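Count along the sequence shown starting at 1, add 88, and that's the number in this note's numbering.
Positions of the beta carbon are idealized from the N, C-alpha and C atoms, including for glycine.
Everything numeric in this text was worked out from a predicted model, so none of it was measured.
Here's the structure, in structure tokens; my notes come after.
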Amino acid sequence: MDGNGRWAEQQGLPRIRGHQAGVEAVRDIVSYCGQIGLQALTLYAFSTENWKRPRAEIEFLMVLLERYLRSEVEELHANGVRFLPIGRLTDLPDGVQRLLRDAEARMACNHGLNLCVALSYGAQDELVEAARRLCEKVERGTLVPDEIDGAAVAAHLFAADLPPVDLLIRTAGERRLSNFLLWQASRAVFRVEARCWPAFRRAQLGAALEAYAGTRAR
Numbered sequence: 089m090d091g092n093g094r095w096a097e098q099q100g101l102p103r104i105r106g107h108q109a110g111v112e113a114v115r116d117i118v119s120y121c122g123q124i125g126l127q128a129l130t131l132y133a134f135s136t137e138n139w140k141r142p143r144a145e146i147e148f149l150m151v152l153l154e155r156y157l158r159s160e161v162e163e164l165h166a167n168g169v170r171f172l173p174i175g176r177l178t179d180l181p182d183g184v185q186r187l188l189r190d191a192e193a194r195m196a197c198n199h200g201l202n203l204c205v206a207l208s209y210g211a212q213d214e215l216v217e218a219a220r221r222l223c224e225k226v227e228r229g230t231l232v233p234d235e236i237d238g239a240a241v242a243a244h245l246f247a248a249d250l251p252p253v254d255l256l257i258r259t260a261g262e263r264r265l266s267n268f269l270l271w272q273a274s275r276a277v278f279r280v281e282a283r284c285w286p287a288f289r290r291a292q293l294g295a296a297l298e299a300y301a302g303t304r305a306r
């Protein structure tokens, strides 16, 4: 979800307007993914590095996230979406944490789109946490080192039951992984979109999915 601020600047608007427009893009993309039967969608909403942004911008983003959760949960639930927040969620404001837990619990038994939202997320942190949990099992005697393989590591990631990433899209022309799903995206097709996130809608996602399908067919 790159380029909210740049999109706003291109329109001659304050950066916060870009974040607001980004929420509209989220609504459109999530709705489209549900309609076409996509299994899983992960949105990189806020990285661990994003805490370095100006305090006022961070506070606005947290307010925007809280508003989104309050306004969208019922519709997401009605559409069968399963909601999975990942990351260092305890870094977030208490009110946001509570809304995230409530939304996840409310939609836990749904069988539609798996909507994974990465918040205060960093893939290196995720791998360190997985290694720590594996070490704890070894210390308790419930796991021996020889049993630690790729499957064991994958089982201790934040959203362990999600499938590997097939297609990773970076908007706003970004060409870096930026510490995102390093384990899960090891075999992903990487696609760079010139459009900033607020201008990235279902038409662009549909084109990206068609292009990805073409690479799979070859």
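Check: Pull up the CB-CB distance for LEU207 and ALA276, whole angstroms please, since I reckon it's below 8 angstroms.; Outcome: Not a contact, Cβ separation roughly 21 angstroms.
Check: Ordered along the chain, which non-local residues of its own chain (more than five positions away) have a Cβ less than 8 angstroms from that of GLN212?; Outcome: ASN267, LEU270
Check: Using only the alpha-carbon positions, how far apart do VAL31 and VAL253 sit?; Outcome: Nothing can be reported for residue 31, as the shown portion of the chain is limited to 89 through 306.
Check: Provide the residue span of the alpha helix (DSSP H) that contains VAL169, from first to last.; Outcome: Note, VAL169: premise wrong, no alpha helix (DSSP H); not H, not E.
Check: Which same chain residues, not among the five before or five after MET195, have their C-beta less than 8 angstroms away from its C-beta?; Outcome: VAL161, LEU164, HIS165, VAL169, ARG170, PHE171
Check: Threshold first: 4 residues or longer. Then list the alpha helix (DSSP H) segments lying entirely within the region 91-144, N to C.; Outcome: 92-98, 103-124
Check: Buried or exposed, going by whether 16 or more other CB atoms sit within 10 Å of the CB of THR303?; Outcome: exposed
Check: Of the residues HIS107, LEU152, GLY261, ARG221, which one's Cα is nearest the Cα of PHE246?; Outcome: ARG221
Check: Counting along the chain, where does the beta strand (DSSP E) carrying VAL277 start and finish?; Outcome: 277-280
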